[in-house]
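First up is the structure itself, then whatever we jot down about it.
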């Protein structure tokens, strides 16, 4: 086989790797949406029903927008380069979680609070993952409802944050501080004290 033929075969193979634009995820049935609204209301007696319904609507609609936007970008990349690999990375899920949380905050909920969470890499899930948790204001993330736009590629995945066996969800700021400074003893948990508590690598 000539060198030119080999190059043509390689070009064809790479072109075949270019994925089509991902199809938007299917719409969730009304019963599933009602279950999420009910779970939000059960977070506490002070949760407003209208806010729970609005959060449900936004939580199911916006991940589909994220998936469509990602699909368009992937198609443009494939056309430009001739190849684009569709890998779900921690950076992609972090971006989706940040945009998702920002969209939910636009609703200005009073009886519900949304915040970014991270599950650090561990044995059961060796890749870091990001999502959003909805809680009663001021309550720990483990008491809330996990809202994950990335796990099922734009189809909202939700469950009790403290019962998601695959992941160990924690507030994002807590995880980022730990990654920067390491675990600190109880007396060093003030972020302002983190710098002086880190061991000096030059100390004998």
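Residue numbers (mature numbering (1 follows the signal peptide of the UniProt record, and there is no 0)): -18 to -1, 1 to 186. Each residue gets a CB set at the ideal place from its N, CA and C atoms; glycine is no exception. Keep in mind the model is a prediction, meaning the values are calculated, not measured.
What span of residues does the beta strand (DSSP E) with residue 110 cover, start to end?
For residue 110, there is no enclosing beta strand (DSSP E), as DSSP gives it neither H nor E.
So, helix, strand or coil for residue 142, using DSSP?
strand
CA-CA distance, residue 27 and residue 157?
30 angstroms
Going by C-alpha to C-alpha distance, which of 30, 9, 154 sits closest to residue 102?
154
I think residue 136 touches residue 45, with their Cβ atoms under 8 angstroms apart; what is that distance to the nearest whole Å?
5 angstroms
Measure how close the beta-carbons of residue 22 and residue 127 come, nearest whole angstrom, since I'm counting them as under 8 angstroms.
6 angstroms
Does residue 129 pass the burial test, meaning 16 or more other C-beta atoms within 10 Å, or should it be called exposed?
buried
So what's residue 130 in DSSP terms, helix, strand or just coil?
strand
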